[in-house]
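Undergrad: Dropping a structure here in structure tokens format, bear with me for questions.
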Amino acid sequence: MNIFVSGGAGYIGSAVAAELIAAGHQVTVYDSLVTGHRQAVPDAATFVQADLADNAALRAALSASKFEAVLHFAGFIEAGESMKDPGKYFENNVTNSFKLIEAAQQAGVQRFVFSSTAAVYRSSDEPLSEDAPLGPENTYGQTKLMVEEALEWYRKAHGMRFAALRYFNASGAYPDRGEGHQPESHLIPLALRVALGQRDDIAIYGDDYATPDGTCIRDYIHLADLASAHLLALDALAERDRLVYNLGSGRGYSVLEVIEAARKVTGHAIPAVHSPRRPGDAARLVASPALIQRELGWQTVHSSLESIMSSAWAWHQSHPHGYDHE
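Here this note's numbering is used: the sequence shown runs in plain steps of one and ends on residue 351.
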């Protein structure tokens, strides 16, 4: 297939682009490089540096070839920042996504795979299935839910087939591709920066949640397992017109458990300091991946916490400053 990947210079988008190429697909990466990295774009991909807000550039890129699918990863992802600057998130994650969906429809694209999030759900003490109550606790989650709703209307109005893949904390790394956000706000890379001597400690935001050790619980999924799900969903859209799946391991880990795993893998003490809760943090978000396992045969292979942490540590050791100083 000939596939258009928006945000294909980012952490997840670049990994999926590489997997698509390995599977024999043609890939065009469209990325502004505002948060992505040119070095992360696979060599075999055609690269277009442009913003989704640039209507002329977007339509030119989509008309340059006959694309059969769009995979959309070009969203801002920081839940905490989204509560401080909601306008930034509505403009990029919603308005620009709407522009991409419309441009894709006008270009005759039949399949659309959307990078969504577990943040569309309410916090729950039980693993979350796809029919669990929705209720974003931050602006980021709300923006993703709005795009899912738009895709449903494009399906009804124009027959656009779509998959919304709700990620539960993508993590881990390939040997040549890892998590290099600037600035960084995710727990695992921040803990590993302490082990690299780039930070003095790791912050624990809130220790009074209704969880066994008082810290937030999250489900972590390895980047490689996440990427494989996109290929399955893309193929399934040949016969199905709407897919919504949770992508997670089904196992939750608390902040303290993740920090302890980082200590074990790195051999570093990784001091932790307690800080107040952050607005928008849910107490517990853990997936039930049963639906995609049953319908598409997807399985997690690399998503034990030890495998995630070990692969991330290997990448951060070989890329101590991410992609910026290679």
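By construction, the Cβ of each residue, glycine as well, lies at the ideal position given by its N, Cα and C atoms. Source: prediction; values computed, not measured.
Are A132 and D226 touching if we call contact CB-CB under 8 Å?
TA: No; because the gap between Cβ atoms is not below 8 Å, this pair is not in contact.
Undergrad: With H255 as the anchor, note down where its alpha helix (DSSP H) starts and where it stops.
TA: Where H255 is concerned, the enclosing alpha helix (DSSP H) stretches over 248-261.
Undergrad: Can you name the residues that DSSP bridges to H97?
TA: DSSP, once it has assigned bridges, lists S31, F139 as partnering H97.
Undergrad: On the DSSP bridge list, what partners appear for V41?
TA: Per DSSP, none; premise fails for V41.
Undergrad: Quick one: grab the DSSP three-state call for I213.
TA: Looking at I213 - three-state DSSP - the assignment turns out to be helix.
Undergrad: Cβ atoms of F193 and D238: under 8 Å apart, would you say?
TA: No.
Undergrad: Given N163, which residues of its chain have a CB within under 7 Å of its CB, disregarding the five upstream and five downstream residues?
TA: Correct list, in chain order: A104, S107, M108, A144, G305.
Undergrad: Rounded to whole angstroms, what's the CA-CA distance from G347 to I126? Just pull it up for me.
TA: Spanning the two alpha carbons is a distance of roughly 31 Å.
Undergrad: Looking at C-alpha atoms only, which residue of I28, V30, Y36 is the closest neighbour of P200?
TA: Out of I28, V30, Y36, Y36 has the C-alpha closest to the C-alpha of P200.
Undergrad: Helix, strand or coil for E351, going by three-state DSSP, please let me know.
TA: Legend: pLDDT at E351 = 45, less than 50; position of this residue unreliable, no value from coordinates given.
Undergrad: Note the first and the last residue of the continuous beta strand (DSSP E) segment covering Y270.
TA: Residues 267-272.
Undergrad: Might you give, ordered along the chain, the residues of its own chain that have their beta carbon closer than 8 Å to the beta carbon of E351, omitting 5 neighbours on each side?
TA: Legend: pLDDT at E351 = 45, less than 50; position of this residue unreliable, no value from coordinates given.
Undergrad: As a quick exercise: from A75, F137, S196, pick the residue whose alpha carbon is nearest that of L58.
TA: Nearest C-alpha to L58: A75.
Undergrad: DSSP on S148, reduced to helix/strand/coil?
TA: Reduced to three states, the DSSP call for S148 is coil.
Undergrad: Report the partner residues of G277 according to the DSSP bridge assignment.
TA: DSSP output for G277 lists D244 as bridge partner(s).
Undergrad: Can you tell me the Cα-Cα spacing of A294 and R288, whole angstroms?
TA: Looking at the two C-alpha atoms, the distance is approximately 6 Å.
Undergrad: Compute the distance between the beta-carbons of V54 and A40, then report whether it is under 8 Å.
TA: Their beta carbons are not under 8 Å apart, which means V54 does not touch A40 by this criterion.
Undergrad: I'd like the span of the beta strand (DSSP E) that includes V52, first residue to last.
TA: Per DSSP, V52 belongs to the beta strand (DSSP E) from 51-56.
Undergrad: Is R3 helix, strand or coil when you go by DSSP?
TA: Nothing can be reported for residue 3: it is not among the residues displayed for the chain, which extend from 26 to 351.
Undergrad: Counting only the same chain and skipping the five closest in sequence on each side, list residues whose C-beta sits under 7 Å from that of Q130.
TA: Closer than 7 Å at the Cβ level, and outside the excluded window around Q130, lie Y179, H183, M185.
Undergrad: Use the C-beta contact count for L248: other C-beta atoms within 10 angstroms, 16 or more gives buried, fewer gives exposed.
TA: By the 10 Å Cβ count, L248 comes out buried.
Undergrad: Per the contact definition of three or more C-beta pairs closer than 8 Å, is the region 169-176 in contact with the region 76-95?
TA: With the cut-off at 8 Å, the region 76-95 and the region 169-176 do not touch.
Undergrad: Under a Cβ-count criterion, where at least 16 other Cβ atoms within 10 Å of its own Cβ denotes burial, should Q167 be classed as buried or exposed?
TA: Answer is buried; the Cβ neighbour count reaches 16.
Undergrad: Should the region 261-275 be called in touch with the region 205-217, which here means at least 3 C-beta pairs below 8 Å?
TA: Output reads no: the region 205-217 does not touch the region 261-275.
Undergrad: In its own chain, which residues sit with a C-beta less than 7 Å from the C-beta of A157, not counting the 5 before and 5 after it?
TA: The answer, listed in chain order, is Y146, S149.
Undergrad: Measure the alpha-carbon distance for A195 versus G100 and round it to whole angstroms.
TA: When rounded, the distance between both Cα atoms is 14 Å.
Undergrad: How long is the line joining the alpha carbons of S355 and V73, rounded to whole angstroms?
TA: One cannot answer for residue 355 here, as it falls past the ends of the chain, which runs 26 to 351.
Undergrad: Name the DSSP bridge partner or partners of H299?
TA: H299 pairs with I229.
Undergrad: To which residues of the same chain is A198 closer than 6 Å at the C-beta, ignoring the five residues directly before and after it?
TA: The residues are S336, A337, W340.
Undergrad: When you compare each of T291, I284, Q223, L256 to C241 by their alpha carbons, which one comes out closest?
TA: Checked all of T291, I284, Q223, L256; the closest Cα to C241 is I284.
Undergrad: From I333, Y278, A312, A261, pick the residue whose C-alpha is nearest to that of L321; which is it?
TA: It is A261 whose Cα lies nearest to the Cα of L321.
Undergrad: Please go through the same chain and pick out, in chain order, the residues whose beta-carbon is closer than 6 Å to the beta-carbon of R136, but skip the five residues on each side of it.
TA: Excluding residues within five positions, the ones whose Cβ falls inside 6 Å are A94, R186, L262.
Undergrad: Classify L153 as helix, strand or coil using the three-state DSSP reduction.
TA: Reduced to three states, the DSSP call for L153 is strand.
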